[in-house]
Structure formats: C-alpha cells, structure tokens
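Written out below as structure tokens is the structure these notes cover.
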Amino acid sequence: MVDGVNVEVTPLPGIGVRKDFALRNGRRIGVISHRDGKLELILSKADDPDACLAEIALTYDEAGALANLLGAPQLVAQLAEEHKDLPGIRTKQLPITDNSPFDGRPLGDTAMRTRTGVSLVAVMRAGQVHPSPGPEFNLTAGDLLVAVGTRDGLARAAEILTRG
Amino acid sequence: MSHTALELIELGGVFFALGLLGRLAQRVGMSPIPLYLLGGLAFGSGGLVSLEGIADFSAIASEVGVVLLLLLLGLEYSASELVSGLKRSWSAGLLDVVLNAAPGAIVALVLGWGPVGATVLGGVTYISSSGIVAKVLTDLGRLGNRETPVVLSILVFEDLVMALYLPILTAILAGVSFLGGLSAVGISLLVISVVLLVALRWGRYVSALVDSPDREVFLLKVLGLALLVAGFASALQVSAAVGAFLLGIAISGSTAHNATRLLEPLRDLFAAIFFVAFGLNTNPASIPPVLGWALVLALATTLTKLATGWFAARQQGIGRMGRARAGAALVARGEFSIVIAGLAVASGAVDSELAALATAYVLLMAVAGPTVARVVEPVVRWRPFARRARETAETSS
Chain U
1 MVDGVNVEVT PLPGIGVRKD FALRNGRRIG VISHRDGKLE LILSKADDPD
51 ACLAEIALTY DEAGALANLL GAPQLVAQLA EEHKDLPGIR TKQLPITDNS
101 PFDGRPLGDT AMRTRTGVSL VAVMRAGQVH PSPGPEFNLT AGDLLVAVGT
151 RDGLARAAEI LTRG
Chain S
165 MSHTALELIE LGGVFFALGL LGRLAQRVGM SPIPLYLLGG LAFGSGGLVS
215 LEGIADFSAI ASEVGVVLLL LLLGLEYSAS ELVSGLKRSW SAGLLDVVLN
265 AAPGAIVALV LGWGPVGATV LGGVTYISSS GIVAKVLTDL GRLGNRETPV
315 VLSILVFEDL VMALYLPILT AILAGVSFLG GLSAVGISLL VISVVLLVAL
365 RWGRYVSALV DSPDREVFLL KVLGLALLVA GFASALQVSA AVGAFLLGIA
415 ISGSTAHNAT RLLEPLRDLF AAIFFVAFGL NTNPASIPPV LGWALVLALA
465 TTLTKLATGW FAARQQGIGR MGRARAGAAL VARGEFSIVI AGLAVASGAV
515 DSELAALATA YVLLMAVAGP TVARVVEPVV RWRPFARRAR ETAETSS
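Chains U and S are the protein sequences, given in the same order.
Numbering follows our numbering, with no gaps: position 40 of the first sequence is 40.
Numbering follows our numbering, with no gaps: position 168 of the second sequence is 332.
Right under this line is the structure:
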C-alpha cells in the first residue's frame with residue numbers, strides 16, 4: 001500500500017464488504033463490493049462524515065477505466081521524475097481507444113521502437129500496472145500505454161496508435 | 165364449472181392481483197407486504213370476495229412460504245458473520261430485545277391475553293424486517309454510511325434471537341409447562357451452538373451435500389432438504405421455521421449465494437401466498453376495534469427502535485445524524501412479525517383479536533418504517549434540533 005493510506009475493511013453482513021479510507025481533508029472515499037460482484041464507489045459528505053454524498057454503481061470496465069485514470073498520472077509523474085536529468089526525454093500516457101487499429105492485437109505489431117524510437121515501459125489495465133510489456137502482450141481498448149521518448153517521437157506514437 | 169377450473173381461476177386471479185399490487189408498491193417505493201395483507205383482507209372471510217376453492221393449496225403453500233422465508237434469512241448471513249455480529253452488538257442487541265418486546269408484551273397483558281399472548285405480541289413488536297431495512301438502506305444510498313454496519317449487526321443479532329425465540333414460542337403455544345419451556349430454551353440453545361459450530365468448521369460438507377452445477381438438481385436438493393429438515397423439526401415439536409433457518413446458516417460460501425439467487429423467486433411467490441393467507445384468515449371487521457391499540461404500539465415501538473439505533477450507533481462513535489438514521493432504519497416491521505403472529509393464530513392458543521392487532525400493526529409499521537427512514541434527516545435538521553446539533557458539531561470539531 002501507498003504510504004499514509006490505511007484502507008479500512010468493514011464487513012456488511014448480508015450485503016458485502018466496505019473498503020474505504022480517510023482523505024487528508026477528512027472525507028472518506030472507498031468502494032462497496034457486493035457479494036454478487038457489484039461495485040459501488042462511495043464518497044462521504046463534507047458536513048456529515050458518517051453519511052455518503054453518493055453511491056455510484058460501476059461496472060468492471062468502468063471501475064478499471066477509473067482506476068487507470070487515477071493510477072496512470074502517478075506512474076507518469078514518477079517516471080518523469082526519474083528522467084528529469086535527461087533533457088529532451090518525456091513520459092506520456094497514450095490510450096488505446098475503441099477504434100484503434102491495435103485493439104486486440106499484440107504490442108509487437110505497433111513496431112513502435114523501430115518507427116518512432118519511443119519505448120513503451122508499462123501498460124495500465126483495470127488499475128493494474130503491467131511493467132515492461134513484451135511484443136506478444138495483447139492490447140485491448142481501454143489500455144493506457146506509458147511511453148517514454150522525445151517530443152516528436154511521442155507525437156508520432158500517438159498518431160500510430162490511433163490511425164495505424 | 166369443475167373444481168379444478170375454479171381453483172385455477174381463483175389462484176390465477178390472486179397471483180395477478182398480487183402482481184398489480186406489487187407494481188403499485190414499487191411505484192410508490194414501499195414494501196409490497198402491507199398490500200399483500202390488504203389483498204388477503206379484501207378477499208378473505210368477511211371480505212369482498214370469498215375464496216374457498218384454494219384454501220387447501222394456500223394452507224400448505226403458506227407453510228412452505230414460512231420455511232422459505234426463514235431458509236433465506238439463514239442463507240443471508242454466514243456463521244462467521246453471525247458470531248462476529250453477536251460479539252459486536254450484544255449490548256445494543258439486548259437493549260433492542262428489552263425496549264421493543266416490552267410494548268407488545270405490556271399491551272397484550274393489558275388486553276387480557278395472558279403470558280402466551282404477551283410472548284407472541286412481544287415477538288411481533290420486537291423484530292425488524294430485515295428485508296425492508298436492507299431495501300431502504302439500498303434505495304436511500306446509505307450502504308456506505310458509517311452507521312450501516314451497526315444497523316446490519318443489530319439485524320444479525322435479531323436473527324439469532326429468532327432462532328432462540330421460535331422454538332420457545334412453539335413450545336409455549338403447544339401448551340407446555342414452564343419447565344417444558346425452559347427445556348425448549350435449553351434444547352434450542354444447544355442446537356444453535358451445534359449448528360454454528362458445524363457451519364464454522366464443516367460448513368463446506370453441508371454445502372457439498374446440496375451443491376450441484378446443474379440448476380435444476382440444485383434447486384430440488386436445496387428445497388427438498390429444507391422441507392425435510394423443517395418437517396422433522398416440526399415433528400420433534402421444535403419449530404419448522406427454525407429448522408429451515410438453521411439449515412440456511414449451515415449452508416455457506418458460494419453455495420449459499422447460489423441458493424439465494426435460485427430460491428428468491430420461489431420465496432417471493434410462497435411468501436406472498438403466506439401473507440395473503442394470513443390476511444384471508446383475518447376478518448376485516450375485527451380490525452377497527454384494535455386500531456387504536458395498533459396506533460399506540462406503532463408510536464411506542466417507533467420511538468423504542470429509534471432509541472435502540474441511537475444507542476447502538478453512539479457506542480460506535482457515530483455522530484447525531486448518523487445515530488438518528490440508524491434508529492430510523494430499524495423501525496420497519498414486516499414479514500417476521502407476521503410469521504410469529506401466523507404461528508400463534510395457527511395454534512389456536514391465542515385470542516383471534518391478536519391476529520387483527522398484528523395485521524394492523526404490521527400494516528402501519530411496514531409503511532411507517534421506510535417513511536421514518538426517509539424523513540429522519542430533514543426532521544433532525546429542523547430548527548429546534550438543528551441548533552443543538554450544530555453546537556455539538558462545533559464542540560466536537
């Protein structure tokens with residue numbers, strides 16, 4: 001777990017489990033996992049920490065996409081920090097969209113390094129980081145690729161991923 | 165018209181009417197139970213239409229309904245949830261028993277129904293409807309609230325109390341002596357402990373006995389075993405309902421979830437017949453005389469449940485608004501109050517007025533519960549209370 005985040009797990013008899021933690025501003029954020037697999041995102045009210053402002057039902061895909069959105073910037077920021085001594089090298093997140101030609105194809109098909117000089121250092125999927133994906137790694141829509149390269153290389157890489 | 169044709173027409177008419185009532189209940193966001201009861205009142209003895217043809221069927225179907233209600237209640241919680249619920253909420257749970265059984269017992273004594281009537285009516289006013297409560301919490305988006313585990317653990321405690329109470333009730337209704345009643349308590353405590361132990365240690369073997377990848381086989385095995393256990397429990401003068409409940413506890417893990425999914429429609433069907441049959445056997449003309457007492461009970465036990473929830477939530481360090489919400493969530497009474505009243509009426513050991521009072525009471529509480537849960541926040545925020553709430557908030561922050 002990340003430093004300073006203490007996830008509290010509370011059983012809800014007959015319903016499922018609540019997993020949440022307190023934010024620095026005192027509000028609670030977390031997830032209710034129902035026994036039948038349903039997921040709900042919860043956020044406590046500002047004026048009443050016992051109550052919830054919202055309970056938002058999420059499908060697995062939606063939860064995964066949200067986890068990517070939340071997790072990827074952190075990874076990118078971390079990589080950017082590591083590369084800050086190398087001028088001209090940038091880190092960027094590139095999405096595989098629904099109509100990307102590489103949806104359902106292996107990573108090797110992009111020939112990214114050969115064509116653009118860009119390295120794909122990780123794939124974020126459903127909130128999980130897959131580091132150093134090999135050429136056989138199958139991409140699907142919703143994946144976020146973490147790419148490292150020059151500004152021009154990254155621009156071309158983004159174009160390749162959307163247009164082929 | 166042949167007898168069978170008449171039966172089918174009556175049964176079809178009843179189910180279709182219940183379907184329409186259920187839809188109406190959904191529209192206005194309330195539990196269908198009071199409407200089923202009203203439907204039964206309208207059709208039954210002294211009601212608008214008399215349904216004689218399906219009496220035999222509805223008698224056995226409502227027995228099955230009770231077995232399924234209790235089986236699914238047992239399936240809802242795993243043995244470990246029951247044990248940890250017991251550990252966590254026993255003091256609030258005991259307060260719940262005392263505060264909420266007392267009004268019913270006192271009214272029964274005042275009305276001259278004696279200790280048997282007091283035991284029955286105490287049970288009716290004690291037990292919250294876990295079905296209505298869970299639905300209200302889900303509908304109002306309160307599952308993530310901090311007071312919700314408190315509410316749920318009180319429900320868990322109530323279910324364990326039911327497992328103790330029903331065999332005692334059955335023994336008392338059968339007219340056994342005080343000593344016989346005590347031995348019923350002893351036996352049921354022993355049986356519950358054994359079942360909990362078996363479920364904790366060897367639950368997967370019980371589950372394996374009924375489990376099957378085939379839906380049809382699984383359904384027949386679970387239902388068959390539940391009726392067998394209920395039947396034998398009933399033959400041994402322990403309540404049939406408790407047998408089913410304990411079987412539900414013993415079945416655990418994924419088997420329990422699958423069984424719940426499979427049996428829910430059946431439970432809804434047979435429980436609906438049970439509520440209608442209960443209404444059928446209650447003469448609508450007997451309700452107005454007891455309506456006053458039902459209102460008194462409704463008011464008193466709304467306040468006592470509010471106090472129970474308030475106390476339980478305060479123990480867990482929940483704020484004022486959360487305490488009020490916890491109390492309000494517990495107010496609803498429903499299916500199990502009718503199960504208790506149904507057992508009593510079927511035994512013939514209690515005044516028939518008791519059925520009328522229980523019906524009126526549940527009609528009020530099944531509607532009042534969700535309403536109180538909805539309006540509790542605005543009421544607490546209302547001016548006279550709000551100033552005090554703000555002051556406490558300021559001092560605590």
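Don't be surprised by glycine CBs; every beta carbon is placed ideally from N, CA and C.
Euclidean distance between Cα positions of residue i and residue j
i, j, result
"S/Leu-353", "U/Leu-69", "53 Å"
"S/Arg-431", "S/Tyr-200", "14 Å"
"S/Asp-303", "S/Val-274", "38 Å"
"S/Thr-419", "S/Ala-272", "42 Å"
"U/Pro-13", "S/Ser-317", "7 Å"
"S/Ile-197", "S/Gly-287", "18 Å"
"S/Ala-532", "S/Glu-428", "25 Å"
"S/Leu-239", "U/Leu-107", "47 Å"
"S/Gly-268", "S/Val-280", "12 Å"
"U/Pro-101", "U/His-83", "30 Å"
"U/Pro-11", "S/Ser-292", "20 Å"
"S/Leu-233", "U/Ala-122", "52 Å"
"S/Gly-622", "U/Ala-80", "Nothing can be reported for residue 622 of chain S, as the shown portion of chain S is limited to 165 through 561."
"U/Val-2", "S/Phe-382", "Low per-residue confidence applies at U/Val-2: pLDDT is 48, beneath 50, and the placement is therefore not dependable, though the value from the model is reported in the following sentence. Each residue's alpha carbon lies about 44 Å from the other."
"U/Ala-67", "U/Pro-131", "16 Å"
"S/Ser-561", "S/Glu-499", "Per-residue confidence for S/Ser-561 stands at a pLDDT of 45, beneath the threshold of 50, marking its modelled position as unreliable; no derived number is given."
"S/Asn-445", "S/Gly-203", "12 Å"
"S/Ala-490", "S/Ser-255", "16 Å"
"S/Phe-439", "S/Val-359", "29 Å"
"U/Ile-42", "U/Leu-58", "11 Å"
"S/Val-370", "S/Ser-347", "27 Å"
"U/Gly-104", "S/Leu-389", "48 Å"
"S/Arg-252", "U/Asn-6", "22 Å"
"U/Gly-166", "U/Gly-164", "Given a span of 1 to 164 for chain U in the structure shown, any question on residue 166 of chain U remains unanswerable."
"S/Gly-249", "S/Glu-322", "10 Å"
Start-to-end residues for the alpha helix (DSSP H) that takes in residue i
i, result
"U/Met-124", "Counting along the chain, U/Met-124 falls outside any alpha helix (DSSP H), though it belongs to the beta strand (DSSP E) covering 119-125."
"U/Glu-136", "Counting along the chain, U/Glu-136 falls outside any alpha helix (DSSP H), and DSSP gives it neither H nor E."
"S/Ser-398", "379-399"
"S/Asn-422", "417-444"
"S/Pro-151", "The requested residue 151 of chain S is not part of the displayed model; chain S covers only 165 to 561."
"U/Ala-141", "Where U/Ala-141 is concerned, there is no enclosing alpha helix (DSSP H), given that its DSSP letter is neither H nor E."
"S/Phe-180", "167-192"
"S/Val-406", "404-414"
"U/Arg-113", "112-116"
Unbroken beta strand (DSSP E) run spanning residue i, endpoints
i, result
"U/Pro-131", "128-131"
"U/Val-146", "144-149"
Chain-ordered neighbours of residue i on chain C, where CB pairs are closer than 9 Å
i, result
"S/Ser-376", "Within the model displayed, chain C is absent; protein chains U and S are what it includes."
Any non-hydrogen atom of the ligand MG within 7 Å of residue i CB
i, result
"S/Val-509", "The ligand MG is not part of the structure shown, which contains no ligands of any sort."
### Task
Give the residues from the segment 478-489 of chain S that approach chain U closer than 8 Å (Cβ to any Cβ), ordered along the chain.
The segment 478-489 of chain S vs chain U, Cβ under 8 Å: Ile-482, Gly-483, Met-485, Gly-486, Arg-489.
### Query
What residues in the segment 2-28 of chain U bring their beta carbon closer than 9 Å to a beta carbon of chain S?
Listed by position, the residues of the segment 2-28 of chain U near chain S (Cβ gap below 9 Å) are Thr-10, Pro-11, Leu-12, Pro-13, Gly-14, Ile-15, Gly-16, Arg-18, Asp-20, Arg-28.
### Query
Got a sec: which bits of the segment 94-121 of chain U sit with their beta carbon under 8 Å from any beta carbon on chain S, in order along the chain?
Within the segment 94-121 of chain U, no residue has a Cβ lying closer than 8 Å to any Cβ of chain S.
### Within 8 Å of chain S by C-beta, residues of the segment 50-62 of chain U in sequence order
Legend: CB atoms of the segment 50-62 of chain U lying less than 8 Å from CB atoms of chain S belong to residues Asp-50, Ala-51, Cys-52, Ala-54, Glu-55.
### Minimum length 4: unbroken alpha helix (DSSP H) runs contained in the segment 7-91 of chain U
Counting whole runs of 4 or more residues, the segment 7-91 of chain U contains the alpha helix (DSSP H) stretches 60-82.
### Message
Beta carbons nearer than 9 Å to chain U: which residues of the segment 292-315 of chain S have them?
### Response
Only Ser-294, Ala-298, Leu-301, Thr-302, Gly-305, Arg-306, Leu-307, Gly-308, Asn-309, Arg-310, Glu-311, Thr-312, Pro-313 from the segment 292-315 of chain S bring a Cβ to less than 9 Å from some Cβ of chain U.
### Message
What ranges does the alpha helix (DSSP H) occupy inside the segment 286-344 of chain S, keeping only unbroken runs of at least 4 residues that lie completely in it?
### Response
The segment 286-344 of chain S contains these whole alpha helix (DSSP H) runs: 294-303, 312-337.
#### Entry: Segments assigned alpha helix (DSSP H), at least 4 residues, entirely inside the segment 224-290 of chain S
With a minimum length of 4 residues, the continuous alpha helix (DSSP H) runs that stay inside the segment 224-290 of chain S are 243-274, 278-290.
### Message
Check whether the segment 530-537 of chain S and the segment 285-305 of chain S touch, using three or more Cβ-Cβ pairs below 8 Å as the test.
### Response
Enough Cβ pairs lie closer than 8 Å, so yes.
### Query
What runs of the alpha helix (DSSP H), each 4 residues or longer, lie entirely inside the segment 478-525 of chain S?
Qualifying alpha helix (DSSP H) stretches, in chain order: 484-493, 499-511.
### Message
Against chain U, which members of the segment 391-415 of chain S pass a CB distance test of less than 7 Å?
### Response
Answer in chain order: no residues at all.
### Message
Taking 8 Å as the cut-off, does the segment 151-159 of chain U touch the segment 111-125 of chain U (at least 3 CB pairs, one atom from each stretch)?
### Response
The segment 151-159 of chain U and the segment 111-125 of chain U touch, with three or more beta-carbon pairs separated by less than 8 Å.
### Task
Compile a chain-ordered list of the residues in the segment 317-337 of chain S whose CB is closer than 8 Å to at least one CB of chain U.
Result list: Ser-317, Leu-319, Val-320.
### Message
With three or more C-beta pairs closer than 8 Å as the rule, is the segment 34-41 of chain U touching the segment 81-99 of chain U?
### Response
In short, these stretches do not touch, since the Cβ pair count stays below three.
#### Entry: the segment 479-488 of chain S in contact with the segment 44-52 of chain U per 3-pair CB rule at 8 Å
Short answer: they touch.
### Cβ contact check for the segment 182-196 of chain S and the segment 395-412 of chain S: 3 or more pairs under 8 Å
Contact between the segment 182-196 of chain S and the segment 395-412 of chain S is absent, because fewer than three Cβ pairs lie under 8 Å.
### Message
Give me the subset of the segment 359-386 of chain S whose CB atoms are less than 7 Å from a CB atom of chain U, sorted by chain position.
### Response
Across the segment 359-386 of chain S, no CB contact with chain U closer than 7 Å is found for any residue.
#### Entry: Proximal residues, the segment 223-240 of chain S versus chain U, C-beta separation under 7 Å
Listed in sequence order: Glu-240.
### Message
Please identify, using Cβ separations under 9 Å, the residues of the segment 245-256 of chain S that lie next to chain U, in order along the chain.
### Response
Cβ contacts with chain U come from Glu-245, Leu-246, Ser-248, Gly-249.
### Message
Residues of the segment 82-94 of chain U in Cβ contact with chain S at a cutoff of 8 Å, in chain order, please.
### Response
Those residues of the segment 82-94 of chain U that come within reach of chain S (Cβ to Cβ, closer than 8 Å) do not exist; the list is empty.
### Task
Output the residue ranges of the beta strand (DSSP E) runs that lie fully inside the segment 441-472 of chain S and measure 3 residues or longer, sorted by chain position.
None, since the segment 441-472 of chain S contains no complete beta strand (DSSP E) of that length.
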